[in-house]
Amino acid sequence: MGTALITGATSGIGKEFAWQLAGEGNDIVLVARNRERLDALAEQITNFTGQQVETLSADLSSEEGARTVGQRVADKERPIGLVINNAGFGLGQQFLGGSLDRELEALDVMARAILIICHHAAQEFAGRGYGTILNVSSMTSLTAQGTYSAHKAWLRTFSEGLSEILKPHGVGVTVACPGLVHTEFHERTNVDSSQWPELAFTPVHRVVAKSLDAARCGQVIVTPSIKYTGVAAAIRVMPRWLVRKVAGPGRSGLE
Ligand SMILES: NC(=O)c1ccc[n+]([C@@H]2O[C@H](COP(=O)([O-])OP(=O)(O)OC[C@H]3O[C@@H](n4cnc5c(N)ncnc54)[C@H](OP(=O)(O)O)[C@@H]3O)[C@@H](O)[C@H]2O)c1
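Given below as C-alpha cells:
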C-alpha cells in the first residue's frame, strides 16, 4: 500500500497497524505525542523488518499539530499511500460535572484533527489518482454513550460521505468500527476492563488484519469481528429508546 502514516501509533491498535504494515514490506510514518516511545518503536520496527520508519511527534488536540500531520500526508516529495486516523481516547468522565477542556480535547483529536488530515489527504490523493484513508471509529458509533459515541458517529458518517466523494478519483475510504480491544485505552482513564467478559474482546491483531483487508478491498464500513457484526445488526433494528437504555451514557463502563 506504499508508505503508511498512522496516528496514535505508539500503543494498542495503532502500534499493531505499524507492525503488520511494516511486516508486509511498507515504510511507515509513526505519529503520536510521546517522542521517546515513537523513537523506540521506530528502532524496533526497522531492526525487525528492515523497513524505513519515520517519526512525527504531534499533539492532535492542537490545530498546529493536525495541520503538521496533514502537510506530511500531502507531501509530494515523500508520498503517503495509506493514512490511518487512529489516535483517540476515552474521556474518563461523565458529561455532567466533567471538565469542558477534556470534552474539547476529545472533539479536537477524534473529529477536528481527522477532518484536517483528511482534507489534506483528499486534495493530494484525488489529484494524483490513488491513495487510501482508513479511519478508526468504534462500535459505540451506533450507541448513545455520550460525547465519545457522538465523535465516533461523526467519523463514521463523515467517512461514508468522503468515500463517495473520492471513489471517482481512485481513492478509497474505509471506516473500521471495532468493539472492545485490550490496549492502553481503558487503563489510561482508569476504567477497569475486567468488568466486561473476556469474550467481549477482539484480539488486536484480528481487528487490524480485518481492517486492512477491508481497506484493500475498497469496503467502506468494516466491523472487524463476527461477534460485533451481530451486535451491530441487532442495534440497527432496535428502537432507539432501547439503545439509549442498554447502551446509553450510564453504560460507558466509567462507574
Ligand atoms: N480499545 C478499544 O476497546 C477500542 C474500541 C473501539 C475503538 N477504539 C479506538 O481505537 C483507536 C486507538 O485506541 P487504542 O485502543 O489503541 O488506545 P491506546 O492504546 O490508548 O492508544 C492511543 C494512541 O493515541 C495516541 N494519542 C492520544 N492522544 C493523542 C493526541 N492528542 N495527539 C496524538 N496522538 C494521541 C497515543 O499516543 P501518545 O499518548 O503518545 O500521544 C496512543 O498512541 C482510538 O481511536 C479508539 O477510540 C478503541
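What the sequence shown shows, in the working numbering, is residues 3 to 257, in sequence order.
Glycine included, C-beta positions come from ideal geometry on N, C-alpha and C.
Under the three-state DSSP convention, the category ASN192 falls into:
coil
Do you know offhand how far GLY90's Cα is from MET112's?
6 Å
Does any heavy atom of ligand 1 sit closer than 6 Å to the C-beta of VAL260?
The chain is shown from 3 up to 257; residue 260 falls before or after that span and cannot be answered.
Ignore the nearest five residues each way along the sequence and tell me which others in GLU38's own chain have a CB closer than 7 Å to its CB.
none
For a cutoff of 7 Å on Cβ pairs, would you count ARG35 as touching chain B?
This model lacks chain B altogether, as it is built from one protein chain only.
Cβ neighbours of ASN28 in the same chain (closer than 7 Å, five flanking residues each side left out):
MET3, GLY4, THR5, ALA6 and GLN53
The beta strand (DSSP E) with GLY174 in it runs from where to where?
173 to 178
Return the Cβ separation of THR57 and LEU32 in integer angstroms, given the expectation that the two are a contact with Cβ distance under 8 Å.
5 Å
I think SER140 touches PRO180, with their Cβ atoms under 8 Å apart; what is that distance to the nearest whole Å?
6 Å
Sequence-distant residues of the same chain with beta carbon closer than 6 Å to ARG158, five excluded per side
SER139, SER143 and VAL177
Kindly indicate which residue of ILE15, PRO81 and LEU117 has the alpha-carbon position closest to the one of GLY67.
LEU117
My output table needs one value for PRO241: the three-state DSSP class, helix, strand or coil.
coil
If you drop the 5 nearest sequence neighbours on each side, which residues of the same chain put their C-beta closer than 7 Å to that of ASP77?
none
Might you give, ordered along the chain, the residues of its own chain that have their beta carbon closer than 8 Å to the beta carbon of VAL245, omitting 5 neighbours on each side?
LEU144, THR145, ALA146 and ILE237
Whole alpha helix (DSSP H) runs in the stretch 9 to 93 with 4 or more residues, listed along the chain?
14 to 25, 37 to 51 and 65 to 75
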